[in-house]
Amino acid sequence: MEHLINPNEIETLSMQIIAAQTGIDLTSPEGLIAGRVIHAAGDPALVRDLIIHPEAIMAGKKALSNRGHIITDVNMVKTGISQVLSERFGVSILCHINHPSVINAAKTSGHTRAKVAIEMLSPWMDGGIVAIGNAPTALFQLIELITQKKVRPELIVGTPVGFVGAAESKELLTSIQTPHITIRGTKGGSAVAAAIVNTLFRIMLQEEEKHNG
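Structure, rendered in structure tokens:
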């Protein structure tokens, strides 16, 4: 059985299949994000639950243009974000899930490390992007910080996955004014969150190429 081995050909064909199955316009920023979300999850049905706040893409581009930090809840999201692209735009990616102070505080408080880590990273959130792909407790904590006016990130990428708190945390996210990209229900994940951030970088690159072309 023959199969493709060239990564560029595989990616191109994958996006063609996604466009054919969903009717998504992959030439628009919103369509590109939707396509990449489906590609990361392998689930075309996710497009029905994908929510992109009207100001989300503009907010994401603003954060990256201003070299705002990208804060992640877990290392899987951090490692999934392109190091080449983050360095290209001079953006730092921060994750404290394994920081000794986070581990100690979580043991003392009985809270999840993800929740504690998000709170500890709050001084670096203003003007940046917070990408949460795993832990609902991290998203709940972030929303609490925002409603208390303690932090002002430009964009929230909220795609925690699971059956305890994930759907509820994402539903709560849709009720606040901060621009956000999320997926209703129990689905999502770290790969999806990273794919969304990487797509924002790619949108920036495309616009640069058009401007310079």
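Count along the sequence shown from 1, add 14, and you get the number used in my numbering. Glycine included, C-beta positions come from ideal geometry on N, C-alpha and C.
Simplified DSSP assignment, three categories, for residue i
| i | result |
| --- | --- |
| leucine 169 | strand |
| valine 206 | helix |
| alanine 73 | helix |
| valine 144 | strand |
| isoleucine 84 | strand |
| leucine 135 | coil |
| leucine 64 | strand |
| isoleucine 24 | helix |
| histidine 53 | helix |
| leucine 108 | strand |
| isoleucine 47 | helix |
| threonine 188 | coil |
Buried or exposed (CB count within 10 angstroms, at least 16 for buried), residue i
| i | result |
| --- | --- |
| isoleucine 107 | buried |
| histidine 17 | exposed |
| glutamate 25 | exposed |
| proline 43 | buried |
| asparagine 20 | exposed |
| arginine 50 | buried |
| glycine 104 | exposed |
Rounded distance between the beta-carbons of residue j and residue i, thought under 8 angstroms
| i | j | result |
| --- | --- | --- |
| threonine 200 | glycine 176 | 6 angstroms |
| alanine 54 | isoleucine 38 | Not a contact, Cβ separation roughly 14 angstroms. |
| valine 171 | isoleucine 195 | 5 angstroms |
| isoleucine 190 | threonine 213 | So it is not a contact: roughly 22 angstroms between Cβ atoms. |
Beta-carbon proximity of residue i to residue j, cut-off 9 angstroms
| i | j | result |
| --- | --- | --- |
| glycine 147 | proline 167 | no |
| isoleucine 157 | leucine 187 | yes |
| alanine 207 | threonine 173 | yes |
Exercise. Is there contact here, the segment 54–65 with the segment 29–45, by at least three beta-carbon pairs under 8 angstroms?
Worked result: In this structure the segment 54–65 lies against the segment 29–45, because at least three pairs of beta carbons, one per stretch, are closer than 8 angstroms.
For this session: Inspect the CB distances between the segment 109–125 and the segment 210–227 and report whether three or more fall short of 8 angstroms.
Result: Too few Cβ pairs lie closer than 8 angstroms, so no.
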